[in-house]
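> Would you mind keeping the following structure in view while I ask a few things?
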Amino acid sequence: MKKCLFTFLIICKSFVLATDLDSGNTIPDLQLRLLDGDKASIHELVKDGPLMIDFWATWCKPCKKVMKFLDQYHQDYADRGFKVLMINQDTPRSLGKVKSYIRSQNHQFIVGLDPNQKIAQKLNGMVMPTLILVDKGGEIKWRHQGYIPGDEVEIEKQIKSLIDNYSFDS
Amino acid sequence: MKKLFIFLSVLSLLIASDLDFNGALNTNYGDNKEFYYYTENRIDLNIFYKDFQGWVQYEYAHPPEIGFSINKIRKFRMEYAFEDFLVKVGDIYEFWGRGLVLNQFDDQITNYDNGLHGLYVGYSSGPLSLSHINGKANIWNLGNDLRIPAFKNKHNLTGLQAQYDWSMFSIGVTQLITEEDHQLQFGNQFADVHHTLNGIYSSMILGNADFFFEYVDKRATDNSISFAPVEKNGHGLYSNLNLYLGSWGLSTEYKRYAFDKAHSDLTADDYGNRIAFQTMPTLGKEHNSTLLGRVSHNYNFNDERGIQLELNGSILDKYAVSTQYSHLSRNENWQSLSQLEWAENPLESYLPSSDPSALPYWENYQEISGYTLGDNLFFKLGRGNNKQVFKTMRYFDGIQQDMSVEDNSFWDYDTTYDSTWAAYDIIIEIVDSTYMEIFDTTFSDPYNVEAKMWQELKSFTIPVELNYTFDNGYSLGIGFQYQERQKKNISKGNSIYYSVADSGWALINPENPDSSFYLEESQFAMDTIKINTQYNRMLYVTLSKAPKWSFTITHDWTNVFDGQATDDPFYNPLEALVYGDLKYFTGERDPRDPPPFIQKRWVSAELAYNLTSSQRISIMYGSIQGGLFCSNGICRVIAPFSDGIKVSYSAIF
């Protein structure tokens, strides 16, 4: 009974939090190493416009499915300052193949490396794929876990909505 | 319960305050008819305030799916950044180079946690970065019970890392020193071991190529017996060269890990070798196909070398293609001196061996995937081969001579007369006898002896996946995986056993040393009848509606078990429904006596529903076949799940 109550309370609390706080928090200014060897910070990346962060790995099947669409959005909305940051979580076991895979797919988005999940743990991206949409000011506007084929419609809708609001505000 | 309310109150305060924070909740519950029950609740909370960052993880698990029951704050860490410094206190997880010296992570699926409770101090200014870690770690390893850890190794650890980055070149040096209390296999005995690891790594990134190299030298001293410390030394080497041309990328890797060696598997009593903080590249493909995951190689971080090549590219700028090959082996060949004694012979070249006595492993995998039909159809088609020598039971190849011994010993008598008494006409005869031990040894002509027996595993797998997305948001997915597996004991040669009496290998035909045999014997059997090939198949059908729900039915079946039978002892309505067995629903079947057509089959159904974009609940009902599960190069055997229900809920906020 105690166990059930515990679980129930936790779920209720988190339901309330997740419903209320899907957006609103500011993303922390985390530093990360990029695939090309450079270093970057998340606040630097959101200077010019909105940023979509996605956590992925070379062995994650749904991550690869959604990548194609995210790369397309990165290119389609680049003129509005929008960027996609793909944070890779491959461990040393497959880390050596990340660049080879990205180059082979001609992906244009930014790729960061997070081999022992330091960034993922701080942004709750341990479940892959996890998408976090951040506006120009660093405020988290939308979060999404998992990928069901067809989710790309909702993803693009959220990006467009943010960009349109941003254009209207400015 | 008090702890929970305190925790929830803190959460509420955070919401009301100006602090930035985020969190995640994972709740898992499972119960089935095999008394395999678990309930896990885990909350992660990150707090950010100016230059401070905090992380706390609370877990209530009674019991968890694997590990010990817990109801407390499991992990926490505070971080403070000022100027060029970063200080962390609490649970530390760091990663240097490619992990030959240090790679820390907390993998709850395999219950592998090599985190450190202690302090981290980092300094980074321009191209130079320095870091220091210090603290204690309790690392648990599983024993015979797949759900309860059995062995604990306690570490008191300190480490240093320095890295210097030029524009395209980096170099780093590392040192890790740890005092380990290592739990032995039996009893509650601990060995006192001192480990020192010194490493160096470097990387270079060019336009069309990049290169990484890491080397570690490891020395261990067993101080359990203070007056006679025992040393064990080893080294590890890893390199990775990637080449790019257009939309093609070739990744090449080489490894040589030599921290310990033994003919048989190492146990908890073999210590002083690779430590739990060293989690290195395996040079094997990390698969996302269930059947390929089940035939994964059990990598030997103490004694293994190998190469891996992987070519990634695209065809017609839309289809991704990938082909991979790896070849691994031990660092030495092992020769049987007798039935139980083995001697190693180091490999002469730097490359892995194909000789069965070096326990080689080969893997190759090809895959093509992509979108077609206006990006509505996703397809993936793969094929993979695995082959490995799992163990050698005897392995001798050499020249032998038979020795014949003829005993020609004799007694030598020497009679003398004592002259002392001659004057008295008394003659005393003295007989001096000596045993003359003479053996005549003759050798037969030398002849070749081959006495080999090893176990070989082979598999061939085809994973296929199709997924069509309709314009109204619905999608239909079909996946099919097919696998053929063979597990054979192979014997060959002209001898099958070592004669202790004759101190040599006994020929099967002593009259004719050239008389030899070759025998392959399958290790799959059903009711004492040998089955040559195990056929595994998995079919799954998914119907989903983005962005809300997806429903999947999975059907997994085989023709023969590998080892102990894991027959599903129950017959559930889902299985009856999938097989269209109306007798079940009219009460003509006994749920505890499944009919033959459902044996060796596992059926499950899962509904996943997104409550919001950041909350997901899934409910699974049915049976899941147990088997090998591998992650991060660490494998564990998962117990079968028979006729049960699993519920999981996850949320991020």
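Top to bottom, those sequences are chains A and B. Position 129 of the first sequence, counted from 1, bears residue number 129 in my numbering, the numbering being contiguous throughout. Whatever position you read off the second sequence (first residue = 1), add 1000 for my numbering. All residues carry an ideal CB built from backbone N, CA and C; glycine is no exception. Predicted, not measured: the structure shown is a model, and the values here were computed from it.
Using CA coordinates, which residue listed in B:Ile1438, B:Leu1100, B:Asp1210 is at the minimum distance from Ser1251 (chain B)?
Ranking the options by Cα distance to Ser1251 (chain B), first place goes to B:Asp1210.
> How is the beta strand (DSSP E) around Phe1551 (chain B) delimited, first residue to last?
1549 to 1558
> Do the CB positions of Val1087 (chain B) and Gly1122 (chain B) come within less than 9 Å of each other?
yes
> Look at the alpha carbon of Val127 (chain A) and the alpha carbon of Tyr1395 (chain B), and state the distance between them as a whole number of angstroms.
Using only the alpha carbons, I get a separation of about 47 Å.
> Using 9 Å as the threshold, is the C-beta distance between Glu1367 (chain B) and Ala1320 (chain B) below it?
yes
> At a CB-CB cut-off below 8 Å, which residues of chain A make contact with Ile1205 (chain B)?
Asp36, Gly37
> Quick one: list the residues of chain E neighbouring Asp1044 (chain B), beta-carbon separation under 9 Å, in chain order.
Absent from the structure: chain E. Protein chains present are A and B.
> For Pro1281 (chain B), which option in B:Leu1311, B:Lys1380, B:Tyr1080, B:Ser1326 has the closest C-alpha, if you only look at C-alpha atoms?
When only C-alpha atoms are compared, the closest one is B:Ser1326.
> Would you tell me roughly how many angstroms separate the C-alpha atoms of Glu1437 (chain B) and Ala1451 (chain B), rounded to the nearest one?
36 Å
> So, do the region 1499 to 1508 of chain B and the region 1396 to 1404 of chain B have three or more beta carbon pairs nearer to each other than 8 Å?
Yes, the region 1499 to 1508 of chain B touches the region 1396 to 1404 of chain B.
> Using Cβ-Cβ distances below 7 Å, what residues of the region 1458 to 1476 of chain B are close to chain A?
Asn1467, Thr1469, Gly1473, Ser1475
> Please list the partners that Tyr77 (chain A) has in chain B, where partner means a Cβ-to-Cβ separation under 8 Å.
Simply none; closest approach about 18 Å.
> Consult DSSP for Ala1137 (chain B) and reduce its assignment to one of helix, strand or coil.
Shown here, Ala1137 (chain B) sits in a strand according to DSSP, grouped into three states.
> Given that Leu1184 (chain B) touches chain A, what residues does it touch there, using C-beta distances under 9 Å?
Result: empty, since nearest Cβ-Cβ is about 30 Å, beyond 9 Å.
> Taking the alpha carbon of Leu1457 (chain B) as the reference point, which residue from B:Lys1387, B:Ala1525, B:Ala1639, B:Arg1256 has its own alpha carbon closest?
B:Lys1387
> Listing by chain order, which chain A residues have their CB less than 7 Å from the CB of Gln1523 (chain B)?
Correct list: empty, because the minimum Cβ distance to chain A is about 29 Å.
> State whether the region 1440 to 1450 of chain B contacts the region 1478 to 1485 of chain B, with contact taken as three or more CB pairs (one from each stretch) at a distance under 8 Å.
no
> Nearest-angstrom Cα distance between Ser1475 (chain B) and Ala1546 (chain B)?
Going by the C-alpha atoms only, they are around 8 Å apart.
> For a cutoff of 9 Å on Cβ pairs, would you count Tyr73 (chain A) as touching chain B?
no
> Starting from the N-terminal side, write out each stretch of the beta strand (DSSP E) that is 3 residues or longer and does not extend beyond the region 1458 to 1544 of chain B.
1474 to 1493, 1495 to 1499, 1504 to 1507, 1517 to 1522, 1524 to 1526, 1529 to 1531
> Would you please verify whether the beta carbon of Ser100 (chain A) is less than 9 Å from any beta carbon of chain B?
yes
> Gly1199 (chain B) lies in the beta strand (DSSP E); which residues open and close that run?
Residues 1190 to 1205.
> For His1263 (chain B), collect the residues of the same chain with a Cβ closer than 7 Å to its Cβ; drop the 5 residues on either side in sequence, then sort them by chain order.
Cβ neighbours of His1263 (chain B) beyond the five flanking positions: Trp1334, Trp1342.
> Buried or exposed for Met1453 (chain B), please, with buried defined as at least 16 other CB atoms from any protein chain shown within 10 angstroms of its CB.
buried
> Just the Cα atoms here: how many angstroms apart are Tyr77 (chain A) and Lys47 (chain A)?
15 Å
> Shorter than 9 Å from the beta carbon of Thr1282 (chain B) to some beta carbon of chain A?
At least one CB of chain A lies nearer than 9 Å to the CB of Thr1282 (chain B).
> Against Trp56 (chain A), what residues of chain B qualify as contacts under a CB-to-CB distance less than 9 Å, listed in chain order?
Those do not exist, as Trp56 (chain A) stays about 12 Å from chain B at its closest Cβ, beyond 9 Å.
> Using a Cβ cut-off of 9 Å (strictly closer), state whether Leu1119 (chain B) contacts chain A.
no
> Got a sec: which bits of the region 1527 to 1550 of chain B sit with their beta carbon under 7 Å from any beta carbon on chain A, in order along the chain?
Ser1544, Ala1546, Pro1547, Ser1550
> Pick out whichever of B:Arg1219, B:Phe1190, B:Leu1206 has its Cα sitting closest to the Cα of Gly1199 (chain B).
B:Arg1219
> Expressed to the nearest angstrom, what Euclidean distance is found between the alpha-carbon atoms of Arg1098 (chain B) and Val1216 (chain B)?
11 Å
> Report the CB separation of Asn1536 (chain B) from Thr1469 (chain B) in whole angstroms; it is logged as a contact under 8 Å.
About 29 Å; that fails the 8 Å criterion.
> If the cut is a Cβ gap below 7 Å, which residues of chain B does His144 (chain A) touch?
Ser1613, Ser1614
> Verify whether the separation of the beta carbon atoms of Pro1446 (chain B) and Glu1034 (chain B) is less than 9 Å.
No, the Cβ-Cβ distance between Pro1446 (chain B) and Glu1034 (chain B) is not below 9 Å.
> To the nearest angstrom, report how far apart Tyr960 (chain B) and Glu1521 (chain B) are at their CA atoms.
Outside the displayed range of chain B (1001 to 1653) lies residue 960 (chain B), so it cannot be described from this structure.
> For chain B, is any of its Cβ atoms less than 9 Å away from the one on Glu154 (chain A)?
Cβ-Cβ to chain B under 9 Å: yes for Glu154 (chain A).
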